[in-house]
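Below: the structure, in structure tokens.
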Amino acid sequence: MIEILNPAELGRARITGRIVADILQALRARTAVGTNLLEIDRWAQAMIAEAGAVSCYVDYAPSFGRGPFGHSICTGVNDAVLHGLPHDHALADGDLLTLDLAVSKDGIAADAAISFVVGDSRPAESLAMIEATERALAAGIAAADPGARIGDISHAIGSVLTEAGYPINTEFGGHGIGSTMHQDPHVANTGRPGRGYRLRPGLLLALEPWIMQDTATLVVDADGWTLRSATGARTAHSEHTIAITDDGAEILTLPTTGR
């Protein structure tokens with residue numbers, strides 16, 4: 356299903372997007388060496404409730420997971436990049452943490468992810484991976500003009516990641532979003548320009564470039580959810596929800612302080 360939002364729905368999407376972004380930034384500020392992943396999940400749960408929203412992950416039960424997910428946020432550490440199931444784990448200095456959050460409010464969902472290094476350590480390769488996903492995300496957003504095609508976005512993202520030297524997995528990528536978290540169209544993180552669905556004003560997309568340092572192969576944890584790099588290499592993930600407008604792409608998941 357591909358949804359096209361009307362102006363009233365788009366207004367609600369802006370509110371949901373700000374909630375997601377502000378929670379992610381608050382969680383980042385509170386996370387330190389020694390923080391437990393289950394603490395982050397509890398903090399997210401409380402912040403979501405305070406905002407009058409609901410997590411899209413608690414009851415998330417797709418065919419590929421061992422659902423329902425049962426937690427409010429995805430937490431991936433180092434080699435864990437997607438669907439990281441929060442568990443009893445204390446973060447160490449230099450850990451690369453990915454937080455992926457999707458919430459719904461008043462019938463409209465928004466989805467975003469950030470990766471950052473915990474503590475005072477600054478591993479050069481970890482920072483380079485994070486920066487590459489952020490640049491790829493910016494390139495994808497820049498390509499998301501009305502009348503462009505999904506392949507134009509995929510090509511823009513993939514060009515940045517490939518030039519940076521990272522393998523690209525195409526099993527998981529961006530997606531449509533609206534009344535539900537995951538919708539068509541699928542937005543692969545590499546592709547051919549001029550192909551795929553033509554972008555229309557009112558379309559919401561969650562764009563999410565993610566990479567693994569030296570492989571394109573994922574493995575699944577025993578928890579049935581957490582996806583890791585097959586080699587144990589570090590990973591990074593950046594995501595925004597955008598709206599296609601008559602004037603181009605509007606980023607909905609910018610924090611309030613960044614507007």
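Numbering of the sequence shown is given in our numbering, commencing with residue 356 and proceeding in unit increments.
Note that CB positions come from ideal geometry on N, CA and C, so glycine has one too.
For clarity, every value in this text was computed on a predicted model and none was experimentally measured.
* Does DSSP put Gly513 in a helix, a strand or coil? -> Shown here, Gly513 sits in a helix according to DSSP, grouped into three states.
* Candidates Ala577, His592, Leu573, Ser593, of which the one nearest Ala585 by Cα -> Leu573
* **Three-state secondary structure (DSSP) of Leu454** => strand
* Beta-carbon contacts of Trp398 that lie in its chain and below 7 Å, excluding the five residues immediately before and after -> Leu382, Arg385
* **Residue environment, Asn361, which counts as buried when at least 16 other CB atoms sit within 10 Å** => exposed
* For Ile403, the first and last residue of its enclosing alpha helix (DSSP H) -> 392-405
* **Those residues which DSSP pairs with Arg553 across a bridge** => Arg504
* To do: Using 10 angstroms around the beta-carbon of Ile599, count the other beta-carbons present and answer buried if the total reaches 16, otherwise exposed.
  => buried
* When Ser509, Gly520, Arg477 are compared against Pro540, the one with the closest alpha-carbon -> Ser509
* Exposure of Met356, with buried meaning 16 or more beta-carbon neighbours within 10 Å -> exposed
* **8 Å CB neighbourhood of Ala483 in its chain, flanking five on each side removed** => When the five nearest sequence neighbours on each side are left out, the beta carbons in the same chain lying within less than 8 Å of the beta carbon of Ala483 are those of Ala519, in order along the chain.
* For the beta strand (DSSP E) holding Thr600, just list the boundary residues, first then last. => If you look at Thr600, you'll find it in the beta strand (DSSP E) that goes 595-600.
* Hey, out of Thr390, Gly528, Leu559, whose CA is closest to His592's CA? -> Considering only Thr390, Gly528, Leu559, the residue with the shortest C-alpha distance to His592 is Gly528.
* To do: Please state whether DSSP places Ser534 in a helix, a strand or coil.
  => coil
* Hey, is the region 410-429 in contact with the region 483-494, meaning 3+ C-beta pairs nearer than 8 Å? -> no
* Asked: How long is the line joining the alpha carbons of Tyr552 and Ala447, rounded to whole angstroms?
  -> Each residue's alpha carbon lies about 43 Å from the other.
* Arg583: first and last residue of the uninterrupted beta strand (DSSP E) it sits in -> 582-584
* Candidates Gly513, Asp443, Val436, of which the one nearest Phe471 by Cα -> For Phe471, the nearest C-alpha among the options comes from Val436.
* **DSSP-derived helix/strand/coil call for Ile378** => Three-state result, Ile378: helix.
* N- and C-terminal bounds of the alpha helix (DSSP H) containing Gly603 -> Not the alpha helix (DSSP H): Gly603 falls in the beta strand (DSSP E), residues 603-606.
* Asked: Among Gly462, Leu582, Ile566, which has the Cα closest to the Cα of Thr545?
  -> Ile566
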